[in-house]
Amino acid sequence: MSRSSDDDDADAYDDGEDDALEDAVRDLIDADVAHASATAALRRARDAHGLDARDVARGRGCEEAHYDVVKWLNYVRAEAEKKRGTMTKEAMVEAIRAGAKARAWDDDAYLKPTLEDDGALFGWEAYVEGREEEEEEEEENEDGEDEDGTPSKEEMARKLRVENEALRVRLCEVMTAAGMVDEAS
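So that you can map any letter, position 122 of the sequence shown is 122 in UniProt numbering, and since no number is skipped, the others follow by simple counting.
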């Protein structure tokens, strides 16, 4: 029995849909909600629930911020999973916010992923470092040039932000290597 090209097209569509689902990032609070990216999931956590990964990383050294955000993400997911169905969503979010504020996430047990293949653990840096705004600007202005062919202000600002971020990371690495940054703080 032969298959029609319509069947092949349907299979190709299904494969693309499966890939998109595999790349989706589950919401930090609502288990049945998926987002296209870690940035989208983290924005929703911030906007809808008052849980912001940027608050965790703010003022921390490079390595400390990394581990803190990973622990925070796993803490939020673990607490949401534990409390889901035992209280109202509002009470659950309030309890998680209170625990996060008290740094209940600051336990090495939360270095272990709560969710297998958690896309948020692989993509949080873009959100925390503010790179998601740069990506949106790139999508809006693909060529990055004004009508006369010169780089647009947005493109120049984007390049400066990228350069500044690279310099910040390099400075942090050099300061850490020179013992100027206390890795325990």
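The beta-carbon is built from N, C-alpha and C at its ideal position, and this holds for glycine as well.
- Note on geometry: alpha-carbon atoms of Leu167 and Asn74 lie some 29 Å from one another.
- Residues Val56, Ala57 and Arg60 of the same chain have their beta carbon placed closer than 7 Å to that of Asp68, with the five preceding and five following residues left out of the count.
- Residue state for Ala36 is assigned as coil, using DSSP reduced to three classes.
- About 13 Å separates the beta carbons of Leu111 and Arg77, which is beyond the 8 Å limit, so they are not a contact pair.
- In this structure, the CA atom of Lys71 is about 34 Å from the CA atom of Glu154.
- Residue environment: Met175 is assigned as exposed (fewer than 16 neighbouring CB atoms within 10 Å of its CB, all protein chains considered).
- Annotation for Ala41: Val25, Arg26, Asp27, Leu28, His35, Gly119 and Ala120 place their beta carbon closer than 8 Å to its own, counting only its chain and skipping 5 residues before and after.
- Comparing alpha carbon positions, the residue from Glu79, Ala100 and Ala178 closest to Leu115 is Glu79.
- Shown here, Met180 sits in coil according to DSSP, grouped into three states, outside any helix or strand.
- The beta carbon of Ala48 is closer than 6 Å to none in its chain, skipping five residues each way along the sequence.
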